[in-house]
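As structure tokens, the structure follows; a few thoughts come after it.
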Amino acid sequence: MRVTQKPKYTIFTELRVYVERCHPEIPDASTIFSRRTLDRYFMDGMSIAALCGAGSFYILILLACSRARTEIRKIDGTMINRLAKIIRFPTSIFHLTTKGFLTDYYLDTPERRLVKGDIIPAIAHMCQLYPLLLKVILPSTTLDELFPEESDKLAIQEVEWGNIQLTDHILDQIIY
Amino acid sequence: MKALIHGQSTLEAQGTLDSGSSDLQVLMRVVEQCRSLEIRDACLQLTYLVNALMLAAQMNRYGSFKHLGISILMI
Numbered sequence: 015m016r017v018t019q020k021p022k023y024t025i026f027t028e029l030r031v032y033v034e035r036c037h038p039e040i041p042d043a044s045t046i047f048s049r050r051t052l053d054r055y056f057m058d059g060m061s062i063a064a065l066c067g068a069g070s071f072y073i074l075i076l077l078a079c080s081r082a083r084t085e086i087r088k089i090d091g092t093m094i095n096r097l098a099k100i101i102r103f104p105t106s107i108f109h110l111t112t113k114g115f116l117t118d119y120y121l122d123t124p125e126r127r128l129v130k131g132d133i134i135p136a137i138a139h140m141c142q143l144y145p146l147l148l149k150v151i152l153p154s155t156t157l158d159e160l161f162p163e164e165s166d167k168l169a170i171q172e173v174e175w176g177n178i179q180l181t182d183h184i185l186d187q188i189i190y
Numbered sequence: 052m053k054a055l056i057h058g059q060s061t062l063e064a065q066g067t068l069d070s071g072s073s074d075l076q077v078l079m080r081v082v083e084q085c086r087s088l089e090i091r092d093a094c095l096q097l098t099y100l101v102n103a104l105m106l107a108a109q110m111n112r113y114g115s116f117k118h119l120g121i122s123i124l125m126i
């Protein structure tokens with residue numbers, strides 16, 4: 015006897031139901047919002063968040079101009095983390111020795127040279143020439159959803175992309 | 052290459068590729084066409100990246116789509 019298994023109720027099922035109920039103008043929501051598609055969007059989003067957290071929001075512009083979307087999609091999560099680590103610490107890595115000391119090793123590899131010589135100067139140049147504010151990518155509705163308890167939402171919107179400390183704090187809030 | 056072909060066909064349709072126009076003018080117009088296509092493509096890529104980032108942020112934040120904004124519909 016063949017038993018048909020009931021599909022698991024997941025967050026993707028919830029999204030499909032939500033879209034079918036609240037946005038009837040979208041035809042065939044089950045195809046558009048299939049689990050695989052959403053999984054891909056989610057993975058892309060997390061990869062982008064990791065890279066932005068390692069560098070700055072200006073990484074978005076570099077990725078868009080270099081059409082790196084398909085390449086990013088091919089890289090798995092572990093490699094994205096390694097890439098983010100290289101972008102964040104391009105000159106050295108910290109290593110905990112067996113005696114408990116924290117030492118740093120100076121590394122000079124081609125990819126680290128690329129980050130030091132090209133990516134960081136490009137972002138610094140863009141920070142000077144094109145100062146952008148967070149409200150460009152964080153509209154007030156999204157901000158309300160992401161920071162319901164923060165009182166100073168207007169100040170968050172006025173943060174510049176070049177302000178690494180504050181953008182890192184905001185990305186931490188977004189990711190974790 | 053697509054931009055070049057598209058640019059040339061557009062110019063031919065507009066009738067600007069007549070004998071009077073020099074090669075440099077044609078080249079300049081094709082370059083303009085390529086540039087606009089590149090910018091459009093980059094804008095599309097940027098829109099996708101930002102929307103994917105927002106979607107992932109909202110999924111991580113809530114684990115539920117009850118509070119989800121419109122960003123999923125824009126991908």
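Residue numbers (our numbering), protein chains in the order written: chain A, 15 to 190; chain B, 52 to 126. Backbone N, C-alpha and C define an ideal beta-carbon position, used for all residues, glycine too. A quick note: this is a predicted structure, and the numbers were derived from the prediction, not measured.
Of the other Cβ atoms in all chains shown, fewer than 16 fall within 10 Å of the Cβ of C94 of chain B; this residue is therefore exposed. Nearest to A107 of chain B by alpha-carbon distance, out of A:R50, A:L152, A:D58 and A:L146, is A:D58.
Look at L74 of chain A: its C-beta is under 7 Å from a C-beta on chain B. In terms of Cα proximity to K130 of chain A, the closest of A:F56, A:I100 and A:E39 is A:I100. The contact set of Q84 of chain B on chain A, defined by CB atoms closer than 7 Å, is empty, because the minimum CB distance reaches about 18 Å. L185 of chain A is classed as buried because its beta carbon has at least 16 other beta carbons within 10 Å across all chains shown. DSSP, read as helix, strand or coil, puts L97 of chain A in helix.
Partner residues in the beta bridge of L147 of chain A, as assigned by DSSP, are A:E174. According to the DSSP assignment, E85 of chain A belongs to the alpha helix (DSSP H) that extends over R83 to K88. Shown here, T123 of chain A sits in coil according to DSSP, grouped into three states, outside any helix or strand. The segment 77–86 of chain B makes no contact with the segment 58–72 of chain A, as fewer than three CB pairs between them are under 8 Å.
Chain B has no Cβ within less than 7 Å of the Cβ of R35 of chain A. In the three-state DSSP reduction, G67 of chain A falls in the helix class (H, G or I).
The Cβ of Q76 of chain B sits no closer than 7 Å to any Cβ of chain A.
What M79 of chain B touches in chain A, judged by beta-carbon distance under 9 Å, is nothing: the nearest beta carbon there is about 22 Å away.
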